[in-house]
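Trainee:
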Ligand code: PAF
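In this note's numbering, the protein residues as written are 1 to 284.
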């Protein structure tokens, strides 16, 4: 039977005792509306730890758009059932006051990691994300925490956060789970119509097409990317916010593509009012 906590201090002391008993704790932070992608993280955490904690908290601080926050899907009861089915040990469902008993005004600087893509298009998003992740890490104090590579920029920033705060937590990145048509699994997919969900397969298809034709000629790459954008934008209600080729370590475009250059594509697309992201490393 899954153990449920709403109190940060009760969870903290419960886990501290287990840690004293040399139990290894795995942690999967989420905003709920759980899907098979989350469950892949839970299953991996279950294999690698003695006890697994999943948190469900829609963090207002990381939404730069009030409407996006209001319509974010919330399905806590179904989420808990799904976690139980996967034998997850603990679920933490805190209130806003439990997470933020005092106002937090911390400002992080993640440098080049937050300069582009989500950092550029969602001002304040990564700061709000880092604030909640730090707070959750302090409460749970896990050995390992699991993050999906669908949010690759977030994963890199969390790794930097753990270094900056010297938290000694192993951050485990997990491959993106995809629907049968290639669409990256996301809680936001629940907000799409069936037609949009089918059509959204174009995102992964175009990323794969660009990756397949990858070459080191910058003009040719720009041409390939423009063609991908045009194809996606030609679908009614679809609008590419960015489709960018950067280095997978620095998240910066590299003009002089040296031997350490790891080409990696990142995309954000608005489908009606729903914003989807995806990314694809290019194997050269
Ligand atoms: O990836 C998410 O669901 C969220 O950004 C996270 C890591 C749970 C923090 O709110």
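We treat Cβ as the ideally placed atom computed from N, Cα and C, and that holds for glycine.
May I ask you to list the residues that DSSP assigns as paired with residue 275?
Mentor: Per DSSP, 270.
Trainee: Between residue 183 and residue 211, is the Cβ-Cβ spacing less than 8 Å?
Mentor: No, these two residues do not count as a Cβ contact at 8 Å.
Trainee: Starting from residue 63, follow its DSSP beta bridges and name the residues at the other end.
Mentor: According to DSSP, residue 63 bridges with nothing at all.
Trainee: Is it right to say residue 71 is buried, meaning 16 or more other beta carbons lie within 10 angstroms of its own, or is it exposed?
Mentor: Residue 71 is exposed by the Cβ-count criterion.
Trainee: Considering only residues of the region 76-122, which uninterrupted alpha helix (DSSP H) runs meet the minimum length of 4 residues and lie entirely inside it, listed in chain order?
Mentor: The region 76-122 contains these whole alpha helix (DSSP H) runs: 76-85, 96-99, 118-121.
Trainee: Going by the C-beta, is residue 68 closer than 7 Å to any heavy atom of the ligand PAF?
Mentor: No, the Cβ of residue 68 stays beyond 7 Å of every heavy atom of the ligand PAF.
Trainee: Alpha helix (DSSP H) containing residue 9: first to last residue?
Mentor: 8-20 is the span of the alpha helix (DSSP H), which, as asked, contains residue 9.
Trainee: Around the C-beta of residue 135, are 16 or more other C-beta atoms found within 10 angstroms, so that it is buried, or is it exposed?
Mentor: So residue 135 counts as buried.
Trainee: Which residue comes first and which comes last in the beta strand (DSSP E) that contains residue 243?
Mentor: It spans 238-247 - the beta strand (DSSP E) in which residue 243 sits, taken as one unbroken run.
Trainee: Can you tell me the Cβ-Cβ gap for residue 84 and residue 157, rounded? I've got them flagged as a contact below 8 Å.
Mentor: Their Cβ separation, rounded to whole angstroms, is 31 Å, which puts residue 84 and residue 157 out of contact at 8 Å.
Trainee: Going by beta-carbon coordinates alone, are residue 30 and residue 55 separated by less than 8 Å?
Mentor: For residue 30 and residue 55, yes; Cβs fall inside 8 Å.
Trainee: Quick one: is the Cβ of residue 117 within less than 7 Å of any heavy atom of the ligand PAF?
Mentor: Every heavy atom of the ligand PAF is 7 Å or more from the Cβ of residue 117, so no.
Trainee: Measuring CB to CB, does residue 245 end up less than 8 Å from residue 263?
Mentor: A contact, by the Cβ cut-off of 8 Å.
Trainee: Around the ligand PAF, which residues pass a check of Cβ closer than 6 Å to any of its heavy atoms?
Mentor: Going along the chain, the residues that qualify are 29, 30, 31, 59, 62, 129, 132, 133, 151, 154.
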